[in-house]
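Just below is one structure, and these are the notes that go with it.
In full-length UniProt numbering, the protein residues as written are 1 to 221.
Structure representation (structure tokens):
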């Protein structure tokens with residue numbers, strides 16, 4: 001059974017009451033000693049919960065955890081399916097297919113994804129786009145950008161590229177050559193290496209379990 005915030009709150013209140021009564025035995029609830037003990041006990045319990053939640057959060061969001069895949073996930077097929085029990089979309093990691101024609105080692109994948117992240121930050125992409133709920137809403141949300149079917153349906157035929165990653169890299173280098181939407185992306189002068197790295201970052205991002213954000217991205221089954 002998963003312990004949620006309701007169970008944690010009830011447990012903390014119960015422990016606070018029990019410990020306060022035990023420490024204050026012989027004292028009435030109107031006496032200062034009772035409330036002093038209550039303040040100390042509740043502060044210690046809340047501090048313990050805060051430490052636990054901090055450690056748990058770090059473990060949940062670190063690379064290689066259940067929610068955040070290792071960087072080598074870029075070597076695999078990535079999909080999205082609707083989990084009707086959880087009522088949200090969940091990433092699905094498929095077989096190894098390579099990325100830009102090769103299988104990247106752990107060190108290589110980390111370097112590539114990290115370069116993609118730095119490239120995104122250097123171009124201030126979040127001034128227009130959104131990532132994991134942060135950023136602006138002028139341009140499309142990039143959290144699941146790799147999974148957008150328009151890459152295969154529109155951009156691959158337009159660019160003449162054989163794979164999704166190649167089409168994305170080409171489009172990112174020359175968005176002015178391939179107008180796809182009414183709001184056109186400016187040419188950010190990305191090099192080929194920067195474009196490939198940015199595609200790697202977006203692919204890795206799409207494999208993160210974001211608790212269903214953005215909602216209903218996957219096609220209804």
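Cβ coordinates follow ideal geometry from the N, Cα and C atoms, glycine included.
Note that the structure is predicted; figures quoted are calculated from it, not measured.
For residue 72, count the other beta carbons within 10 Å of its own beta carbon; 16 or more makes it buried, fewer makes it exposed. Which is it?
Buried, because 16 or more other Cβ atoms sit within 10 Å of the Cβ of residue 72.
Taking the alpha-carbon positions, what's the residue 220 to residue 212 distance?
With a pLDDT of only 40 at residue 220, under 50, the local geometry of the prediction cannot be trusted, and the value read off the model is given with reservation. Rounded to the nearest angstrom, the two C-alpha atoms are 14 Å apart.
On the DSSP bridge assignment, give the partners of residue 76 in chain order.
Answer is 96, bridged to residue 76.
Where does the unbroken alpha helix (DSSP H) through residue 116 begin, and where does it stop?
First-last of the alpha helix (DSSP H) with residue 116: 106-122.
With a floor of 4 residues, list each alpha helix (DSSP H) that falls wholly inside the UniProt domain "Cytochrome c" (111-206), ordered by position along the chain.
As far as the UniProt domain "Cytochrome c" (111-206) is concerned, its whole alpha helix (DSSP H) runs of at least 4 residues are 156-159, 164-173 and 192-206.
Identify the residues that DSSP records as bridge partners of residue 89: which are they?
In DSSP, residue 89 forms a bridge with 82.
Could you work out which residue in 165, 139 and 100 is closest to residue 182 when comparing CA atoms only?
When each option's Cα is compared against that of residue 182, the closest is 139.
Within the continuous alpha helix (DSSP H) that includes residue 38, where are the two ends?
Counting along the chain, the alpha helix (DSSP H) containing residue 38 begins and ends at 32-61.
Quick check on residue 3: buried or exposed, where buried means 16 or more other Cβ atoms within 10 Å of its Cβ?
The residue in question, residue 3, is exposed, as its Cβ has fewer than 16 Cβ neighbours within 10 Å.
Do the stretch 67-86 and the stretch 38-48 make contact, defined as three or more Cβ pairs closer than 8 Å?
Because the criterion of three Cβ pairs below 8 Å is not met, the stretch 67-86 and the stretch 38-48 do not touch.
Count the C-beta pairs between the stretch 188-199 and the stretch 99-119 that are closer than 8 Å, then say yes if the count reaches three, no if not.
Result yes; three or more Cβ-Cβ pairs closer than 8 Å.
Thinking C-alpha only, which one of 194, 192 and 173 is nearest residue 186?
Comparing Cα positions, the closest option is 173.
Looking at C-beta atoms only, is the number of pairs between the stretch 112-126 and the stretch 146-159 that lie closer than 8 Å three or more?
At 8 Å Cβ cutoff, the stretches do not touch.
Give the C-beta separation of residue 145 and residue 47 to the nearest angstrom, bearing in mind that I take them to be a contact with Cβ-Cβ under 8 Å.
Rounded, the Cβ-Cβ distance is 40 Å, inconsistent with contact.
With a threshold of 16 other CB atoms inside 10 Å of the CB of residue 215, please say whether the residue is buried or exposed.
By the neighbour-count rule (16 or more Cβ atoms within 10 Å), residue 215 is not buried but exposed.
Considering only C-alpha positions, which residue in the set 155, 110 and 149 is nearest to residue 64?
The option with the nearest alpha carbon to residue 64 is 110.
Would you report the Cα separation of residue 163 and residue 179, rounded to the nearest angstrom?
Roughly 19 Å separates the two Cα atoms.
From which residue to which residue does the alpha helix (DSSP H) around residue 11 run?
Run containing residue 11: 5-23, per the alpha helix (DSSP H) assignment.
In chain order, what residues of the same chain lie with their CB nearer than 7 Å to the CB of residue 167, ignoring the 5 residues before and after it?
Excluding sequence neighbours, residue 167 sits near 151, 155, 156, 159 and 161.
Buried or exposed: which applies to residue 37, given that a residue is buried once 16 or more other Cβ atoms fall within 10 Å of its Cβ?
Label assigned to residue 37: buried.
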